[in-house]
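Below you'll find the structure, written out as C-alpha cells, and then a few comments.
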Amino acid sequence: CDVARGVYTKMSETGEVLRAYRHSDDLRLSSNDSKGLKLEESALHGRVRMAAFTACTRFLGCTFEYLGNIVLVRQTEKIAEMRDKFKGLHAKYNKNNRVRTCAVPISAIRLTEELHSDLDVLLDKSGIEEYQSLIGCISWIASSSRPDVKFGYFLLATRMVSPREWDMKLAVQVMDYLVGTIETPLVLGGSVVAPEVYADASF
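Once you know that position 180 of the sequence shown is 332 in my numbering, the rest is easy, because the numbers rise by one and skip nothing.
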C-alpha cells in the first residue's frame, strides 16, 4: 500500500469532508457523502489489492457503536487484556479488592518524604519493567478512548525511570478503575459527528 500511515482529509465535490485513516495494516474511509466515498473506495481498490470495505466497528483496539448521531467508542478488550496480564499486581496492591470510583486519589501527588517507609521504596529492576509495561497499557487506553484517566496517566508517566511502591500502588488504582468502568464509552456526537484525529505512526 503506497498510502503512508496517517490521517487524511479532503473536500468532496458536494462540500462534505472525506477522511482516510491508515495505521499499519488498517485502512478506513469515512464521509457523509456516500457517492464521493464510493468514488474514493473505487480509486483505492484500483491501486491496492484489498477486501471490500464494510462499516467500521473496530479500529486500533476500539469498538464503535452507532446510535443515530451518537458514536460510542469502547476499549473493553484492551482493558480486559491489561486486567489479565497484571492480575498479580491487583492481588498485591489491592488486597481487599476495593472498588475504585476515581482514577487516582486526591492525595496522589506526594513527595518521597511524605510517604510511609514501605511506600517510598524504589522498585527493583523487574518491578520497574512491570511498572513501565502497565503504564504503557494505560497510555494506549487513555489516548484512545478514556480521557478520564489522562491526569492519572500523566502523573504516573513522570516516574517511569524511578518508580516507588507508591507509584505502583497508584498505577494499580488506575488499572482497577478502568476495569471497574470497562463498559464506559467515549461519547462522540450530537447534531454533527465529524471528529478530527491527529496521530503519528506509533500513536
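Quick reminder that beta carbons are idealized off the backbone N, C-alpha and C, glycines included.
Bear in mind that the values here come from a model prediction, so they are computed numbers and not experimental data.
*Does DSSP put L286 in a helix, in a strand, or in coil?*
helix
*Going straight from the alpha carbon of F355 to that of V251, what length do you get?*
Interpretation of F355 is limited by its pLDDT of 49, a score under 50 that renders its predicted location unreliable; the figure taken from the coordinates is listed afterwards. The alpha-carbon of F355 is positioned some 30 Å away from that of V251.
*For C254, which beta-bridge partners are listed by DSSP?*
Answer is none; C254 lacks a bridge partner.
*Would you say L170 and L189 are within 8 Å of each other, going by their C-beta atoms?*
yes
*Tell me which same chain residues have a C-beta within less than 6 Å of the C-beta of L241, skipping the five on either side of it?*
V324
_L275 vs E317 beta-carbon contact at 8 Å_ = Yes. Within cutoff.
*Buried or exposed: G304, going by 16 or more other Cβ atoms within 10 Å of its Cβ?*
buried
*Tell me which same chain residues have a C-beta within less than 7 Å of the C-beta of V331, skipping the five on either side of it?*
Within the same chain, V331 has close Cβ partners I231, R235.
*Can you round the beta-carbon distance between V273 and L322 to whole angstroms, since I take them to be within the 8 Å contact cut?*
Contact flag wrong, Cβ pair sits at about 14 Å.
_Between the alpha carbons of R180 and K302, how many angstroms are there, rounded?_
26 Å
*Helix, strand or coil: how does DSSP classify L241 here?*
helix
*Sequence-distant residues of the same chain with beta carbon closer than 7 Å to F193, five excluded per side*: Here residue 193 is Glu; the residue named in the question, Phe, does not match the sequence. Result list for E193: L181, F205, in chain order.
*Within this structure, are the beta carbons of S164 and S183 separated by less than 8 Å?*
yes
*By the 10 Å Cβ neighbour count, where 16 or more other Cβ atoms means buried, how is P337 classified, buried or exposed?*
buried
*Taking the C-alpha atoms as reference points, what is the distance between M312 and E282?*
Distance between the alpha carbons of M312 and E282 is about 10 Å.
*Would you kindly work out how many angstroms separate the C-alpha atoms of A243 and A172, rounded to a whole number?*
43 Å
*Got a sec, what are the start and stop residues for the beta strand (DSSP E) H175 sits in?*
169-175
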